[in-house]
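Asker: My structure is below; once you've seen it, I'll send some questions.
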Amino acid sequence: MGSRRDFIKISAVGVGGLAVGLPMARSLAYQAVEADSFPYAEMMRTPTYCEVCFWKCAGWIHKNDKGELWKITGNDHDLHSNGRFCPRGTGGVGMYHDEDRLKRPLMRKTVNGKQVFEEVAWDEALDFIARRMKEIASVHGPECTALFTHGSGGKYFGTLLRAFGSPHIAAPSYAQCRGPREVAFQNTFGEGVGSPERTDIRDTRCLVLIGSHLGENMHNGQIQEMSDAIDKGATIITVDPRYSTAASKSKYWLPIKPATDLALLLAWINVIIEEELYDRDYVERYTYGFEQLKNHVATMTPQWAYGITTIKPEVIRETARAMGHASPAVIVHPGRHVTWYGDDTQRLRAVAILNALLGSWGRRGGFYRPETVTVPEPTTPEYPTPSRSWRTEFPDLYRLSDTVLANGVCDATIPDPSRGCNFKTWIVNGTNLIETLPNQENTIKAIESLELMVVIDTMPMEITGYADVILPECTYLERFDEIRVSLHREPQIALRMPAFKPKYDSKPGYWMARELSKRLGLEAYFPYEKQEDLLDWQLKELGSSLEEMMRIGVKTFKRPYDDLYFAPDEEVEFWTNTGKIELYATAFEMEGFDPLPVYTPHEEPPAGYYRLNYGRAPMHTFSRTANNPNLTDLMDENSVWINPKVAWEWGLVNDQYIHLRNQDGKRSEFPIRVRITERIRWDSVYMVHGFGHDRKQLTRSYGRGASDTNLITKVLVDPLMGGTGMRGNFVTFITELEEDKS
Amino acid sequence: MAIDTLKCVGCGDCVVACQTENEVPIGFCRDWVVEVTDGTYPQLEIEIRSERCNHCENSPCVRCCPTGASHYAEGGIVLVTQNKCIGCGACIASCPYDARYSHPKGYVDKCTFCIHRVKKGLDPACVAVCPTRCMYFGDLDDPKSPVSMVLKNRKYKTLIPEAGTKPHLYFLI
Chain A
0 MGSRRDFIKI
10 SAVGVGGLAV
20 GLPMARSLAY
30 QAVEADSFPY
40 AEMMRTPTYC
50 EVCFWKCAGW
60 IHKNDKGELW
70 KITGNDHDLH
80 SNGRFCPRGT
90 GGVGMYHDED
100 RLKRPLMRKT
110 VNGKQVFEEV
120 AWDEALDFIA
130 RRMKEIASVH
140 GPECTALFTH
150 GSGGKYFGTL
160 LRAFGSPHIA
170 APSYAQCRGP
180 REVAFQNTFG
190 EGVGSPERTD
200 IRDTRCLVLI
210 GSHLGENMHN
220 GQIQEMSDAI
230 DKGATIITVD
240 PRYSTAASKS
250 KYWLPIKPAT
260 DLALLLAWIN
270 VIIEEELYDR
280 DYVERYTYGF
290 EQLKNHVATM
300 TPQWAYGITT
310 IKPEVIRETA
320 RAMGHASPAV
330 IVHPGRHVTW
340 YGDDTQRLRA
350 VAILNALLGS
360 WGRRGGFYRP
370 ETVTVPEPTT
380 PEYPTPSRSW
390 RTEFPDLYRL
400 SDTVLANGVC
410 DATIPDPSRG
420 CNFKTWIVNG
430 TNLIETLPNQ
440 ENTIKAIESL
450 ELMVVIDTMP
460 MEITGYADVI
470 LPECTYLERF
480 DEIRVSLHRE
490 PQIALRMPAF
500 KPKYDSKPGY
510 WMARELSKRL
520 GLEAYFPYEK
530 QEDLLDWQLK
540 ELGSSLEEMM
550 RIGVKTFKRP
560 YDDLYFAPDE
570 EVEFWTNTGK
580 IELYATAFEM
590 EGFDPLPVYT
600 PHEEPPAGYY
610 RLNYGRAPMH
620 TFSRTANNPN
630 LTDLMDENSV
640 WINPKVAWEW
650 GLVNDQYIHL
660 RNQDGKRSEF
670 PIRVRITERI
680 RWDSVYMVHG
690 FGHDRKQLTR
700 SYGRGASDTN
710 LITKVLVDPL
720 MGGTGMRGNF
730 VTFITELEED
740 KS
Chain B
0 MAIDTLKCVG
10 CGDCVVACQT
20 ENEVPIGFCR
30 DWVVEVTDGT
40 YPQLEIEIRS
50 ERCNHCENSP
60 CVRCCPTGAS
70 HYAEGGIVLV
80 TQNKCIGCGA
90 CIASCPYDAR
100 YSHPKGYVDK
110 CTFCIHRVKK
120 GLDPACVAVC
130 PTRCMYFGDL
140 DDPKSPVSMV
150 LKNRKYKTLI
160 PEAGTKPHLY
170 FLI
């Protein structure tokens, strides 16, 4: 097999060309038959939970009097949304309507010596996948099959993979996003932060955001609670080199020099200890290692941090006092996308330590104790025991990671004489790895080494261009999915059911996974033919039923104990080595890592280069919404934020299109619009992630804006858990658009 | 209607909710978000406003409408009767807030304060959806309505008051 990289263009032609020549009669006939059999056509309002982002708000899909999709609104009883969807959830209608959706199964075939995608029947696609999976496993073992997943349907492909004999289920939401935070909090409090975060923002008196741009990242419940906190007069402290929306809502904005956050955190710890602003009882009762911490930070004064962070000592003191005075109703927010500089776990450890000193963990206005519901699973055979795992390929690395690393699997796919096992099959569900994993060339190299790649998605994202088989999933408006259970203040479940029958020839993930299981002889792991029967059984076990949930959408249960917060004087056993909150991380020490966080300077941009910072816009989720007709109507391209002083030096003007080039000479594939704004520091630039798509099938987003991932070629890997730090890249400007592709 | 600029994050949810609720075609909108940055780094301020028709008491759009399509409905809401509108666009030119647009179907369209919802006792779609709850809606003549209460307790401003149209969209500052 030759290089797949060249195939993007060819495959683009293939899909486009074949779509035109589609036998319409066949698809229309298919729809006519199916319409009669769709049992929920009469329901004017059906429950769902949102799939546009990971927050999974529960709501209602409404139909108009013609039975067509009208609008999506929140469910008033839902703890994630409180009846109010965010713009992406409201704009979820666009996912259903998007005419660029994947419509039919596609297989890579060679026609006249050229590789193209050809539309095939489901049977042909599934038979092929099952046959190839078996063939490859017979040579390399089933463990060389990996699943990358993001979103709801992943559960069923996970079941399939485990039944097949592979433990390799990776989610880029870990090592490319919140992994360092989870490891840091697990090694301090014995528990991670979870999702939705257990932050009690609505009752806080002081909220500290470090690079976390709430309001631009639209984590619905948190935004709502931040607004409540503003109403109640809470002090907000925002640390960000950019004047973010959150910064504009804050009493204190600390315009920090990028990459120096850890120094600020250590100086805060210093002030809180030196000025005795910490919660003495809490620290004595619950924590381990206070004296070591005190000695460790003794020299890390605000004056010391001033030279590093450019934040004035008096501001560091004043903000530390604001936190101390609000204690314990204070949240030093752990953030979410925290893979920045490669020492992220240690930075998040400093965040955890700060919260521990302020006594906010387990306290009102700090971090509450979440509760959940356990959904029963039907009895199925035991999963086979895998004989090896990705860990055997990285024996001494990332030992504190408690999950399979997406980047680890990707690296272990590239043949290397030092490794005995390479992955040969990837199943990619709902995650556009090309835009998700940093260092695209590495990802593509891994893909080129594969023998089989299957992509399941609703949209023709970049990753589909590299697949051998593309399986079109129907959108969340057209399918059942697993019952939503989550960590929240009260145990709650939510139902997703189809409001419409699947458009085109798309299918739900459950159906695909089960059909594959039949072909692999693993049907016993999927005892229910119809997902609704499985859900009905599960719901009845929980004291509800499918019929009831179709009416109410969400159901809230009572907490078994009244323990949302620690009771006064409660003895708490923490799941750490010492049973205490570990200010001094004993597990880190055992693994040979710093048990207390140490600030190390990071590389700075060379002259004429600026640190590439990236973030979110409230109306988009990663790259997955970039083609949504409703959401592109709000924002259809990203821009590069440049400080006016820098713009003046370069002679840039607003709305001009330029290219960016990074420190390794990588040039942005598409030009990006200049936004000259005072809201950004002179040493960095900023852009919203998720734009600059290079697949022509994404007609609304193709070539609109630039991709930050494209420019993230340098990856700062966290030695503790393998997180991929992405903020160590620097860009310069190319104002000549000599090869303008747009 | 009153909108709290201190809470609004400018997410645009009001725009999408209005588009879907009122089946406003993609590419058009009845409400929109304005963001104004003031100052130089690092002494900065941003004001974010969700804007729409101001439902003015002294509306130039109603006055200039040749067919009477633009009119005041109950509670002072300014509306356009679609089948009376000839699409001449005089109202679009007269509106100091640029709150109206030509609907592809040939009439002029604008914010109705979701009168179809208000009649059922519901809030307009934008108010109902707003994740930050930054919008307050109600009868200004009723001192107990949410909007009257918040205007009594907070500092506010209107946009372009010098146009003399007596706008009824208030921005809390």
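Read top to bottom, the protein sequences are chains A and B. Residue numbering for the first sequence follows numbering that gives the first Met the number 0, beginning at 0 and increasing consecutively. Residue numbering for the second sequence follows numbering that gives the first Met the number 0, beginning at 0 and increasing consecutively. No residue lacks a Cβ here, since even glycine has one placed at the ideal position from N, Cα and C. Here the structure is a predicted model, which is why all the values come from computation and not from measurement.
For residue 677 of chain A, return the contacting residues in chain B, with the cut-off set at a CB-CB distance below 7 angstroms.
Answerer: Indexing the first sequence from 1 puts residue 677 of chain A at position 678. Chain B residues near residue 677 of chain A: 36, 38, 39, 40, 43.
Asker: Got a sec? Which residues, its chain only, sit under 7 angstroms from residue 18 of chain A by beta carbon, not counting five neighbours each side?
Answerer: Walking along the first sequence from the start, residue 18 of chain A turns up at place 19. For residue 18 of chain A, the pLDDT reaches just 38, beneath the cut-off of 50, and the residue's location in the model is therefore unreliable, although a value from the coordinates is still provided. Within the same chain, residue 18 of chain A has no close Cβ partners at all.
Asker: Go ahead and label residue 463 of chain A buried or exposed: buried means 16 or more other beta carbons lie within 10 angstroms of its beta carbon, across all protein chains shown.
Answerer: As a position in the first sequence, residue 463 of chain A is number 464, starting the count at 1. That one is buried.
Asker: For the segment 641-666 of chain A, which residues have a CB atom closer than 7 angstroms to at least one CB atom of chain B, in sequence order?
Answerer: Listed by position, the residues of the segment 641-666 of chain A near chain B (Cβ gap below 7 angstroms) are 642.
Asker: I'd like to know whether the C-beta atoms of residue 101 of chain A and residue 459 of chain A end up nearer to each other than 8 angstroms.
Answerer: Start at 1 with the first residue of the first sequence, and residue 101 of chain A comes out as number 102. Start at 1 with the first residue of the first sequence, and residue 459 of chain A comes out as number 460. Taking 8 angstroms as the Cβ cut-off, residue 101 of chain A and residue 459 of chain A qualify as a contacting pair.
Asker: Can you tell me the Cβ-Cβ gap for residue 96 of chain B and residue 108 of chain B, rounded? I've got them flagged as a contact below 8 angstroms.
Answerer: Indexing the second sequence from 1 puts residue 96 of chain B at position 97. Indexing the second sequence from 1 puts residue 108 of chain B at position 109. Not a contact, Cβ separation roughly 14 angstroms.
Asker: Is residue 659 of chain A helix, strand or coil by DSSP?
Answerer: Reading the first sequence from its first residue, position 660 is the one you call residue 659 of chain A. Residue 659 of chain A falls in the strand class under three-state DSSP.
Asker: Residues of chain B with a CB under 7 angstroms from the CB of residue 348 of chain A: which are they?
Answerer: Numbered from 1 along the first sequence, position 349 holds the residue referred to as residue 348 of chain A. Within chain B, no residue comes near residue 348 of chain A; the closest Cβ sits about 28 angstroms away, beyond 7 angstroms.
Asker: Count the other CB atoms, across all protein chains shown, that sit within 10 Å of the CB of residue 113 of chain A; report buried if there are 16 or more and exposed otherwise.
Answerer: Along the first sequence, one-based indexing puts residue 113 of chain A at 114. That one is exposed.
Asker: What are the residues of the segment 87-113 of chain A that lie near chain B, defined by any Cβ-Cβ distance shorter than 8 angstroms?
Answerer: Within the segment 87-113 of chain A, the qualifying residues are 89, 90, 92.
Asker: For a contact defined as C-beta to C-beta under 7 angstroms, what are the partners of residue 12 of chain B on chain A?
Answerer: As a working note, residue 12 of chain B is residue 13 in the second sequence. What residue 12 of chain B touches in chain A: 85, 86, 89.
Asker: If the cut is a Cβ gap below 7 angstroms, which residues of chain A does residue 130 of chain B touch?
Answerer: Working through the second sequence from its first residue, we reach residue 130 of chain B at position 131. Chain A residues near residue 130 of chain B: 83, 85, 219, 222, 223.
Asker: Please name the residue in A:623, A:323, A:264 whose C-alpha comes closest to that of residue 234 of chain A.
Answerer: As a first step, residue 234 of chain A is located in the first sequence; it is residue number 235 there, counting from the start. Cα-wise, what sits closest to residue 234 of chain A is A:323.
Asker: Whose C-alpha, out of A:83, A:111, A:128, A:401, is nearest the C-alpha of residue 515 of chain A?
Answerer: Here residue 515 of chain A corresponds to residue number 516 of the first sequence, with the count starting at 1. The option with the nearest alpha carbon to residue 515 of chain A is A:128.
Asker: Between residue 173 of chain A and the rest of its own chain, which residues show a CB-CB distance below 6 angstroms, the 5 nearest in sequence each way excluded?
Answerer: What you label residue 173 of chain A is simply residue 174 of the first sequence in a count that begins at 1. Here the set comprises 402.
Asker: Whose Cβ in chain A lies nearer than 7 angstroms to the Cβ of residue 6 of chain B?
Answerer: Position 7 of the second sequence, counted from the first residue, corresponds to residue 6 of chain B. Ordered by position in chain A, the residues that pass the 7 angstroms Cβ test against residue 6 of chain B are 226, 229.
Asker: By alpha-carbon positions, which one of A:682, A:493, A:55 ends up nearest to residue 551 of chain A?
Answerer: Locating residue 551 of chain A in the first sequence gives position 552, where the first residue counts as 1. The residue with the shortest Cα to Cα distance from residue 551 of chain A is A:493.
Asker: I need the straight-line Cα distance from residue 34 of chain A to residue 47 of chain A, nearest angstrom please.
Answerer: Indexing the first sequence from 1 puts residue 34 of chain A at position 35. Indexing the first sequence from 1 puts residue 47 of chain A at position 48. Interpretation of residue 34 of chain A is limited by its pLDDT of 48, a score under 50 that renders its predicted location unreliable; no figure is taken from the coordinates.
Asker: Could you give the distance in angstroms between the alpha-carbon of residue 20 of chain A and the alpha-carbon of residue 71 of chain A?
Answerer: Here residue 20 of chain A corresponds to residue number 21 of the first sequence, with the count starting at 1. Here residue 71 of chain A corresponds to residue number 72 of the first sequence, with the count starting at 1. Here the model assigns residue 20 of chain A a pLDDT of 34, short of 50, so the residue's position is not dependable and the matter cannot be decided.
Asker: Look up residue 205 of chain A in the DSSP assignment and say whether it is helix, strand or coil.
Answerer: Counting from 1 along the first sequence, the entry for residue 205 of chain A is found at position 206. Strand at residue 205 of chain A.
Asker: Classify residue 613 of chain A as helix, strand or coil using the three-state DSSP reduction.
Answerer: As a working note, residue 613 of chain A is residue 614 in the first sequence. Here residue 613 of chain A sits in strand by DSSP.
Asker: Verify whether the separation of the beta carbon atoms of residue 212 of chain A and residue 243 of chain A is less than 8 angstroms.
Answerer: Residue 212 of chain A sits at position 213 when you count from the first residue of the first sequence. Residue 243 of chain A sits at position 244 when you count from the first residue of the first sequence. Taking 8 angstroms as the Cβ cut-off, residue 212 of chain A and residue 243 of chain A qualify as a contacting pair.
Asker: Alpha carbons only, please: which of B:9, B:23, B:34 is nearest the one belonging to residue 742 of chain A?
Answerer: The displayed coordinates of chain A run from 0 to 741. Any statement about residue 742 of chain A would go beyond what the structure contains.
Asker: Excluding five sequence neighbours on each side, which residues of the same chain lie with their C-beta closer than 8 angstroms to the C-beta of residue 12 of chain A?
Answerer: Looking up residue 12 of chain A in the first sequence gives position 13. Per-residue confidence for residue 12 of chain A stands at a pLDDT of 39, beneath the threshold of 50, marking its modelled position as unreliable; no derived number is given.
Asker: Three or more beta-carbon pairs under 8 angstroms between the segment 346-366 of chain A and the segment 175-189 of chain A, yes or no?
Answerer: Output reads yes: the segment 175-189 of chain A touches the segment 346-366 of chain A.
Asker: So residue 51 of chain B packs on residue 150 of chain B, CB below 8 angstroms; how close in whole Å?
Answerer: In the second sequence, residue 51 of chain B corresponds to position 52, counting from 1. In the second sequence, residue 150 of chain B corresponds to position 151, counting from 1. In fact, because the Cβ distance is near 17 angstroms, the residues do not count as touching under 8 angstroms.
Asker: Buried or exposed: which applies to residue 395 of chain A, given that a residue is buried once 16 or more other Cβ atoms fall within 10 Å of its Cβ?
Answerer: Residue numbering aside, residue 395 of chain A sits at position 396 when the first sequence is read from its first letter. Its Cβ having fewer than 16 others within 10 Å, residue 395 of chain A is exposed.
Asker: Pull up the DSSP beta-bridge partners for residue 471 of chain A, would you.
Answerer: Reading the first sequence from its first residue, position 472 is the one you call residue 471 of chain A. For residue 471 of chain A, which the question treats as bridged, DSSP gives the partners A:456.
Asker: What residues match up with residue 134 of chain B in a beta bridge as DSSP calls it?
Answerer: Within the second sequence, the letter at position 135 stands for residue 134 of chain B. According to DSSP, residue 134 of chain B bridges with B:2.
Asker: Considering only C-alpha positions, which residue in the set A:291, A:237, A:301 is nearest to residue 263 of chain A?
Answerer: One-based indexing of the first sequence puts residue 263 of chain A at position 264. Among A:291, A:237, A:301, the Cα nearest to that of residue 263 of chain A is on A:301.
Asker: Using a Cβ-Cβ cut-off of 8 angstroms, state whether residue 628 of chain A counts as contacting chain B.
Answerer: Numbered from its first residue, the first sequence carries residue 628 of chain A at position 629. Closer than 8 angstroms: yes.
Asker: Use the C-beta contact count for residue 391 of chain A: other C-beta atoms within 10 angstroms, 16 or more gives buried, fewer gives exposed.
Answerer: Looking up residue 391 of chain A in the first sequence gives position 392. Classification of residue 391 of chain A: exposed, given that the 10 Å Cβ count is below 16.
Asker: By Cβ distance below 6 angstroms, which residues in the same chain neighbour residue 731 of chain A in space, the five residues on each side in sequence not counted?
Answerer: As a position in the first sequence, residue 731 of chain A is number 732, starting the count at 1. Answer for residue 731 of chain A: 607, 608, 660, listed in chain order.
Asker: Kindly list the residues whose CB is nearer than 7 angstroms to the CB of residue 93 of chain A, restricted to its own chain and excluding five residues on each side of it in sequence; keep chain order.
Answerer: Residue mapping note: residue 93 of chain A aligns to position 94 of the first sequence, counting from 1. Hits under 7 angstroms: 627, 628, 629, 630.
Asker: Could you check how far apart the C-beta atoms of residue 80 of chain A and residue 56 of chain A are, in whole angstroms? I think they sit under 8 angstroms.
Answerer: Within the first sequence, the letter at position 81 stands for residue 80 of chain A. Within the first sequence, the letter at position 57 stands for residue 56 of chain A. Yes, they are in contact, since the Cβ atoms of residue 80 of chain A and residue 56 of chain A sit about 4 angstroms apart, within 8 angstroms.
Asker: Taking CB distances under 8 angstroms as the criterion, tell me whether residue 27 of chain A reaches chain B.
Answerer: Numbered from 1 along the first sequence, position 28 holds the residue referred to as residue 27 of chain A. Note that residue 27 of chain A has pLDDT 41, beneath the 50 cutoff, so the model's placement of it is unreliable and no number is given.
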